[in-house]
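Before any comments, here is the structure.
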Amino acid sequence: MWEVIPNYFKDEKRCIRCGCCVTICPVDAIRMMPDEKGVVRPSYEKYKCIRCNRCTDACEIFENYMLGGSE
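Adding 160 to a residue's 1-based position in the sequence shown gives its number in our numbering.
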(Lines of atoms letter the chains of each structure in order from A and count residues from 1; the text may use other names and numbers.)
(Lines give C-alpha, C1' and ligand atoms only; values in the text may rest on other atoms or scores of the structure.)
Protein backbone atom coordinates (compact mmCIF):
# COMPACT_ATOMS: atom_id res chain seq x y z
CA MET A 1 0.00 0.00 0.00
CA TRP A 2 1.52 3.29 -1.14
CA GLU A 3 0.77 6.51 0.71
CA VAL A 4 1.77 10.03 -0.23
CA ILE A 5 4.54 11.02 2.15
CA PRO A 6 4.62 9.53 5.67
CA ASN A 7 2.00 10.79 8.13
CA TYR A 8 4.62 12.45 10.33
CA PHE A 9 5.42 14.87 7.50
CA LYS A 10 2.33 16.96 8.10
CA ASP A 11 2.72 19.61 5.40
CA GLU A 12 3.46 17.76 2.17
CA LYS A 13 2.81 20.94 0.15
CA ARG A 14 6.22 22.20 1.28
CA CYS A 15 7.95 19.26 -0.42
CA ILE A 16 10.03 20.52 -3.36
CA ARG A 17 10.10 17.04 -4.93
CA CYS A 18 13.89 16.88 -5.08
CA GLY A 19 13.94 13.10 -4.65
CA CYS A 20 16.68 12.96 -2.03
CA CYS A 21 14.47 10.73 0.13
CA VAL A 22 13.97 8.33 -2.80
CA THR A 23 17.71 8.15 -3.43
CA ILE A 24 18.73 7.59 0.19
CA CYS A 25 16.14 4.95 1.17
CA PRO A 26 18.04 1.68 1.80
CA VAL A 27 15.03 -0.57 1.18
CA ASP A 28 13.54 1.22 -1.86
CA ALA A 29 10.36 2.02 0.08
CA ILE A 30 9.96 5.51 -1.40
CA ARG A 31 9.03 6.32 -4.99
CA MET A 32 7.97 9.42 -6.83
CA MET A 33 4.28 8.90 -7.65
CA PRO A 34 1.38 11.17 -8.61
CA ASP A 35 -1.01 12.10 -5.81
CA GLU A 36 -4.79 12.42 -6.23
CA LYS A 37 -4.29 15.75 -8.02
CA GLY A 38 -1.65 14.38 -10.38
CA VAL A 39 1.28 16.12 -8.66
CA VAL A 40 4.30 13.82 -8.48
CA ARG A 41 5.45 13.55 -4.87
CA PRO A 42 7.41 11.07 -2.76
CA SER A 43 5.23 8.16 -1.71
CA TYR A 44 6.22 5.37 0.60
CA GLU A 45 5.19 1.76 1.05
CA LYS A 46 4.52 1.61 4.76
CA TYR A 47 5.02 -2.15 5.03
CA LYS A 48 8.42 -1.92 3.32
CA CYS A 49 9.62 1.07 5.37
CA ILE A 50 12.02 0.09 8.17
CA ARG A 51 11.69 3.47 9.98
CA CYS A 52 15.40 4.22 9.71
CA ASN A 53 14.62 7.96 9.26
CA ARG A 54 17.30 8.43 6.61
CA CYS A 55 14.70 10.15 4.43
CA THR A 56 13.83 12.71 7.07
CA ASP A 57 17.49 13.20 8.01
CA ALA A 58 18.30 14.00 4.36
CA CYS A 59 15.31 16.30 3.85
CA GLU A 60 16.07 19.99 4.40
CA ILE A 61 12.38 20.89 4.18
CA PHE A 62 11.51 18.35 6.91
CA GLU A 63 14.32 19.72 9.10
CA ASN A 64 12.99 23.27 8.79
CA TYR A 65 9.45 22.07 9.46
CA MET A 66 10.44 20.19 12.62
CA LEU A 67 12.46 23.15 13.91
CA GLY A 68 9.62 25.54 13.22
CA GLY A 69 11.63 27.31 10.54
CA SER A 70 10.24 29.08 7.54
CA GLU A 71 10.62 28.22 3.88
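We put the beta carbon where it would ideally sit given N, CA and C, even for glycine.
| Query | Result |
| --- | --- |
| Since V187 contacts P202 with CB under 8 Å, what's their CB separation in whole angstroms? | V187 to P202, Cβ: 14 Å. No contact. |
| Spell out the partners DSSP gives P186 in its beta bridges. | Answer is none; P186 lacks a bridge partner. |
| Between K173 and the ligand FAD, is there a pair consisting of the residue's CB and a ligand heavy atom that are separated by less than 8 Å? | Absent from the structure shown: the ligand FAD. Ligands present: none. |
| Alpha carbon to alpha carbon, how far is R191 from K197? | 17 Å |
| Using the three-state DSSP reduction, which class does R174 fall into: helix, strand or coil? | helix |
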